[in-house]
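Asks: Structure in structure tokens, see below.
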Amino acid sequence: MEIRWQAASQSEWKADAIMVFAFESEESWPTGVQSWLDGSGGWLAESQALQDFRRKWQEVVVCYAPVTDRKIPRAIVVGLGKQHGFDLDKWRGAVATGLRKCRDLRLSRPALAIPTLEGLPFPTEVALREALIGGLLGLYRFDRWKTKDRDQLLELEGLELLKPLPPEGSWEGALAHALAVWDGVQLARDLVTAPANQVTPAFLVQTARDLAQRHGLTVDVIDQTRAEELGMGSFLAVAQGSREPAYMVVLEHAPAGKESDPPLVFVGKGITFDTGGISIKPSDKMELMKHDMAGAAAVLGAFAVLGRLGVPQRVIGIIPCTENMPDGKAYKPGDVIRSLAGLTIEVISTDAEGRMVLCDALTYGQRFQPAAMVDVATLTGACIIALGDQVGAVMGNRGGLVTALQELATAVGERLWPLPLWDFYQDDLKSDVADCKNVGAARKAGSIIGGMFLKQFVPDEIPWVHLDIAGPAWADKDLPIIPKGGTGFGVRLLAELAMRWTELKIE
């Protein structure tokens, strides 16, 4: 979809429709909308279509202009709900609702007028940026493999951004930011939603290479032979049951002059299909295990954002890519595996493969002397039981970093909730035959035990956070800015962390 600026006096604005917004509890319109009503949009206030409009959040009414005023023939009026408690999440959802209505009406080029954003409880540039992000994310649709009735699929041709003449401000940065976020989240959603016979480990490798070429990144691909030479026994144990070659991808964003800076290291679980291995999962809903690489998708999507915006922060992404399959050569319950760190692991469940590949990736990332490490993974079903399917868990070895991630997530519309990593949980991982087991007791603190397992592989001197996104990585139903399917959860958070890292004071 093309987004273009239109700078003109209000009376000269042209579009198929203009979107305007109104709070439920206010008799008057927001100041910016009222200004337009006092000028060329006066017809809207007299529209009979508004008589039963209650301005509830996401309520939409279409109002048509008189035939004498056809430069903007209709207004899409979207309710914002009560002003008390109104936040950026609701704002993004309202804009997405308005744009989806425009698409349903088969409009080509609706408009958002920047002056009408005045009166919202955010700076105009923030309101514009988040409106664009919410609108674009809400319009996402995955239809790559649909062949029937493709001509019936409705898409907007573009969006007009209306500015006054002469311009009263500069909003190009808001548009650039929104387009970069859209690029990254769309990539992640496509990867997560696509089938596992398409998104293989090799496909993730090619995606990383494409990103590197497009944005001037560097990429190092560790194949199974090299992984064996390095001693990545835990990663390779999971990979040995699959016929798809496994890879450890190392992607680096190193802006000029930052090549020697301690990097942020993002680690993303890249299990492109998870059957559970020998500890095989039930068949019901197993098809959704194509999204077990959502952590990898989040890292790749974040790199798309960083590369497009040229963020001046060195970041390294490490993505262990493989499948977890049952096979005559697959690793088995009871096996003892030596990890890259040298710790030995007794395999209790082959379905706890995520932590097995992540531990070697975390160990490998330490050679870059990171400023901090963040791993992202659809690690445990227990996280969904604890927090539901719209909230991820956050835990780590620095309370300040955990809090910072939670706050950044809230700011970008991704919810996290902290879980503890108290020392006594480590007792559940004690093994009689190895340094540790890969799971604890059944049905006890499953998400925390997953975090405790990974914590063993990160030295205390390195700030580290683990994000369990098993719930919010996938949407079973349409949400305000998230259509059903892969959500791209984590892209905005990781990108925001990189953009604001120098502002954070992590002890």
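Residue 7 is where the sequence shown starts when you use the numbering used here, and the numbers rise one by one after that. Cβ atoms here follow ideal geometry from the backbone N, Cα and C, with glycine treated the same way. Predicted model, so just to flag it, every value in this text is computed and none were measured.
In or out: histidine 183 buried (at least 16 other Cβ within 10 Å) or exposed?
Replies: Histidine 183 comes out buried.
Asks: Indicate the three-state DSSP secondary structure (helix, strand or coil) for glycine 348 in the structure shown.
Replies: Three-state DSSP puts glycine 348 in coil, outside helix and strand.
Asks: Would you identify the three-state DSSP class for glutamine 432, choosing helix, strand or coil?
Replies: It is helical.
Asks: CA-CA distance, cysteine 277 and glutamate 163?
Replies: Reading off the sequence shown, one finds isoleucine at residue 277, where the question assumed cysteine. Distance between the alpha carbons of isoleucine 277 and glutamate 163: 36 Å.
Asks: Measure the C-alpha to C-alpha separation of glycine 446 and glycine 316 and round it to an integer number of angstroms.
Replies: Approximately 43 Å, taken between the alpha carbons.
Asks: Give me the Cα-Cα distance between alanine 202 and glutamate 293, rounded to the nearest whole angstrom.
Replies: About 9 Å.
Asks: What three-state label does DSSP hand arginine 404 in the structure shown?
Replies: Reduced to three states, the DSSP call for arginine 404 is coil.
Asks: Measure the C-alpha to C-alpha separation of aspartate 474 and valine 353 and round it to an integer number of angstroms.
Replies: Aspartate 474 and valine 353: Cα-Cα distance of roughly 21 Å.
Asks: Alpha carbon to alpha carbon, what distance is there between arginine 147 and tryptophan 63?
Replies: Approximately 23 Å between the Cα atoms of the pair.
Asks: To the nearest angstrom, how far is the alpha carbon of phenylalanine 27 from that of arginine 361?
Replies: Cα to Cα, the separation comes out at about 46 Å.
Asks: Out of Val191, Glu420, Ala336, Trp507, state which residue places its alpha-carbon closest to the alpha-carbon of alanine 308.
Replies: When only C-alpha atoms are compared, the closest one is Val191.
Asks: Let me check one thing: in DSSP terms, what residues is phenylalanine 27 bridge-paired to?
Replies: Phenylalanine 27 is bridged to Val84.
Asks: Measuring alpha carbon to alpha carbon, tell me which of Gly387, Ala200, Ala117 ends up nearest glutamine 16.
Replies: Ranking the options by Cα distance to glutamine 16, first place goes to Ala117.
Asks: Output needed for aspartate 95: all residues of its chain with C-beta closer than 6 Å, excluding positions within five of it in sequence on either side, in chain order.
Replies: If we look at aspartate 95 and ignore the five residues flanking it on each side, its Cβ neighbours are Gly419.
Asks: Does valine 439 pass the burial test, meaning 16 or more other C-beta atoms within 10 Å, or should it be called exposed?
Replies: The residue is exposed, with fewer than 16 neighbouring Cβ atoms inside 10 Å.
Asks: Measure the alpha-carbon distance for tryptophan 97 versus leucine 145 and round it to whole angstroms.
Replies: Each residue's alpha carbon lies about 15 Å from the other.
Asks: For leucine 393 and alanine 476, I'd like the C-alpha separation in whole angstroms.
Replies: Cα-Cα distance, rounded: 10 Å.
Asks: What does the Cβ neighbour count give for proline 127, buried or exposed, with the cut at 16 atoms within 10 Å?
Replies: Burial call: exposed.
Asks: In whole angstroms, what is the alpha-carbon distance linking valine 256 and valine 187?
Replies: Using only the alpha carbons, I get a separation of about 22 Å.
Asks: Taking all protein chains shown into account, decide if tryptophan 11 is buried (16 or more other Cβ within 10 angstroms of its Cβ) or exposed.
Replies: It counts as exposed.
Asks: For the pair the segment 332 to 350 and the segment 362 to 378, tell me if three or more CB-CB distances fall below 8 Å.
Replies: As far as the Cβ criterion goes, the segment 332 to 350 touches the segment 362 to 378, which means the pair count is three or higher.
Asks: Nearest by alpha-carbon distance to glutamate 65: which of Leu168, Thr493, Gly239, Leu56 is it?
Replies: The candidate whose alpha carbon is nearest that of glutamate 65 is Leu56.
Asks: Quick check: what's the CA-CA separation for valine 83 versus isoleucine 120?
Replies: If I take the Cα positions, the gap works out to 15 Å.
Asks: If you check the beta carbons only, do alanine 218 and glycine 283 fall under 9 Å apart?
Replies: Cβ atoms of alanine 218 and glycine 283: not closer than 9 Å.
Asks: Could you tell me the alpha carbon to alpha carbon distance between arginine 320 and leucine 500, rounded to whole angstroms?
Replies: Rounded to the nearest angstrom, the two C-alpha atoms are 13 Å apart.
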